[in-house]
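> In my numbering, the protein residues as written are 462 to 722.
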Amino acid sequence: MPTAPEALVVEAAGARAWLRPDAFDTECFGIPMAKVEAAAGARSGAVGLFAACARVAGEQGWVHLAARVPSEQTDLVRALEEAGFYWVDATVIFGRRLVDTTGPGEVPIGLALAEDLPVLQALGRGAFRQSRYFVDPYLDPAGKDRLTDQWVANALNGRADRVFVAEPKKPVGFAACRLDRRGRLATIDLIAVSSDSRGRGIGRSLVEAVCRHYEPIAERLEVGTQLANTQAVRLYEAAGCRLLRSYVTLHWVAPELRAGR
Ligand SMILES: CC(C)(COP(=O)(O)OP(=O)(O)OC[C@H]1O[C@@H](n2cnc3c(N)ncnc32)[C@H](O)[C@@H]1OP(=O)(O)O)[C@@H](O)C(=O)NCCC(=O)NCCS
462 MPTAPEALVV
472 EAAGARAWLR
482 PDAFDTECFG
492 IPMAKVEAAA
502 GARSGAVGLF
512 AACARVAGEQ
522 GWVHLAARVP
532 SEQTDLVRAL
542 EEAGFYWVDA
552 TVIFGRRLVD
562 TTGPGEVPIG
572 LALAEDLPVL
582 QALGRGAFRQ
592 SRYFVDPYLD
602 PAGKDRLTDQ
612 WVANALNGRA
622 DRVFVAEPKK
632 PVGFAACRLD
642 RRGRLATIDL
652 IAVSSDSRGR
662 GIGRSLVEAV
672 CRHYEPIAER
682 LEVGTQLANT
692 QAVRLYEAAG
702 CRLLRSYVTL
712 HWVAPELRAG
722 R
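Shown next, in the form of structure tokens:
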């Protein structure tokens, strides 16, 4: 296991980055995983910096790294690729002001109960197939399911401010929402509709219920998805959201993981 429990500073080629161990990912996948964060201004020496991050990760025993950069910083994306990172995701963040929310639709929406956990985990397992974890060929499929299960469990155990469910008697969809500390920003952290109930307005009803609930409490709603997730993008557009910003995520794996050892 890695020897450094805390973030490590990496300095190379006149630039700086941090390697931060990721306890949640590490537990779900059972391998030491960390995140790379480049300091602002790390642009010119970026290839050397990210190569140094990979080297330090190897020395510390981290076998998987994730780096997320604003998508307009194409020089950083290129530098990560040159340092051996591979592209896994383009994340798009949508948002809207919480005003003029429409009234309740026909789909009944309620709040999740603790006993809904297995149903919501099953919904989640079938849903988040475009996330950076799922598209990464070097991550164990069983770990991907553990990650989804744990994420849904955490949502019900307090990570989310509210978990809304569609058809509360027999949930067919859910939306887990967080509220920032100052209460001004509501975020949809997870949203999924069962595959045989999609395209019938359930996702739309969930987002509208979220907006109605948070309109008196928060100023804005934000939600992120993958650029490749056309259904989710169109759902958020249909709910009045507009594109705010975007990121690119790249992963790096140690040679032994790449070789399947
Ligand atoms: C994204 C998701 C929640 C949408 O739920 P849904 O119940 O199918 O969505 P709705 O039927 O309410 O449709 C809402 C909008 O989405 C769009 N949409 C729905 N199905 C679509 C499809 N098959 N193709 C393209 N757009 C689609 C439509 O624009 C629709 O708006 P409109 O009715 O004004 O045309 C659902 O597809 C899902 O669970 N996907 C897997 C999990 C996921 O990707 N979650 C988001 C991760 S960030």
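Backbone N, C-alpha and C fix where the C-beta goes; we use that ideal spot for every residue, glycine too.
#1: Specify, as a first and last residue, the run of the beta strand (DSSP E) that residue 469 falls within.
#2: Flag residue 690 as yes when its Cβ comes closer than 8 Å to any non-hydrogen atom of ligand 1, and as no otherwise.
#3: Taking 8 Å as the threshold, find out whether the region 681-692 comes into contact with the region 512-528 through three or more Cβ pairs.
#4: Assign residue 707 to one of three DSSP states: helix, strand, or coil.
#5: Compare the Cα-Cα distances from residue 489 to each of 603, 694, 693 and 668 and report the closest residue.
#6: Is it true that the CB of residue 571 sits closer than 9 Å to the CB of residue 613?
#7: Just to confirm my understanding: we take residue 706, look at its own chain, exclude 5 residues before and 5 after, and list those with CB closer than 6 Å. What are they?
#8: Counting only the same chain and skipping the five closest in sequence on each side, list residues whose C-beta sits under 8 Å from that of residue 610.
#9: Could you tell me if the beta carbon of residue 652 falls within a distance shorter than 8 Å of some heavy atom in ligand 1?
#10: Looking at C-beta atoms only, is the number of pairs between the region 504-515 and the region 473-486 that lie closer than 8 Å three or more?
#11: Compute every distance between the C-beta of residue 480 and the non-hydrogen atoms of ligand 1, then say whether any falls below 8 Å.
#12: Could you spell out where the beta strand (DSSP E) holding residue 638 opens and where it closes?
#13: Is it the case that the region 588-597 contacts the region 532-541, given that we only count it when at least three CB pairs across the two stretches are under 8 Å?
#14: Around the Cβ of residue 576, are there at least 16 other Cβ atoms within 10 angstroms (buried) or fewer (exposed)?
#15: In whole angstroms, give me the CA-to-CA distance for residue 677 and residue 549.
#16: Using DSSP's beta-bridge definition, name the partner residues of residue 575.
#17: From 544, 498 and 663, pick the residue whose C-alpha is nearest to that of residue 636; which is it?
#18: Can you grab the Cα-Cα spacing for the pair residue 484 / residue 494, in whole Å?
#19: Quick one: measure Cβ to Cβ for residue 447 and residue 616, integer angstroms, because I've assumed they're closer than 8 Å.
#20: The alpha helix (DSSP H) that contains residue 608, what's its start and end?
Checking against the coordinates, here is how it stands:
#1: Taking the sequence shown and counting its residues from 1, the one referred to as residue 469 is at position 8. Segment 469-473, the beta strand (DSSP E) holding residue 469.
#2: One-based indexing of the sequence shown puts residue 690 at position 229. The answer is yes for residue 690.
#3: no
#4: Numbered from its first residue, the sequence shown carries residue 707 at position 246. Of the three classes helix, strand and coil, the one that applies to residue 707 here is strand, per DSSP.
#5: Here residue 489 refers to the residue found at position 28 of the sequence shown. Ranking the options by Cα distance to residue 489, first place goes to 603.
#6: Residue numbering aside, residue 613 sits at position 152 when the sequence shown is read from its first letter. Residue numbering aside, residue 571 sits at position 110 when the sequence shown is read from its first letter. Contact: no.
#7: In the sequence shown, the residue the question calls residue 706 occupies position 245. Closer than 6 Å at the Cβ level, and outside the excluded window around residue 706, lie 554.
#8: By 1-based counting over the sequence shown, the position of residue 610 is 149. Cβ neighbours of residue 610 beyond the five flanking positions: 582, 585 and 586.
#9: Counting from 1 along the sequence shown, the entry for residue 652 is found at position 191. Under cutoff, so the answer is yes.
#10: yes
#11: Your numbering for residue 480 matches position 19 in the sequence shown. For ligand 1, not one heavy atom lies less than 8 Å from the Cβ of residue 480.
#12: What you label residue 638 is simply residue 177 of the sequence shown in a count that begins at 1. Its beta strand (DSSP E) spans residues 634-640.
#13: no
#14: Locating residue 576 in the sequence shown gives position 115, where the first residue counts as 1. Flag for residue 576 reads exposed.
#15: For the purposes of this step, residue 677 is taken as the residue at position 216 of the sequence shown. For the purposes of this step, residue 549 is taken as the residue at position 88 of the sequence shown. So the two alpha carbons sit approximately 37 Å from each other.
#16: Translated into the one-based positions of the sequence shown, residue 575 becomes position 114. Partner(s): none; residue 575 has no beta bridge.
#17: Here residue 636 corresponds to residue number 175 of the sequence shown, with the count starting at 1. Selected option, being the one with the closest Cα: 663.
#18: Position 23 of the sequence shown holds residue 484. Position 33 of the sequence shown holds residue 494. The straight-line gap from Cα to Cα measures roughly 8 Å.
#19: The structure shown has nothing for residue 447, since the chain only spans 462 to 722.
#20: Indexing the sequence shown from 1 puts residue 608 at position 147. It spans 602-615 - the alpha helix (DSSP H) in which residue 608 sits, taken as one unbroken run.
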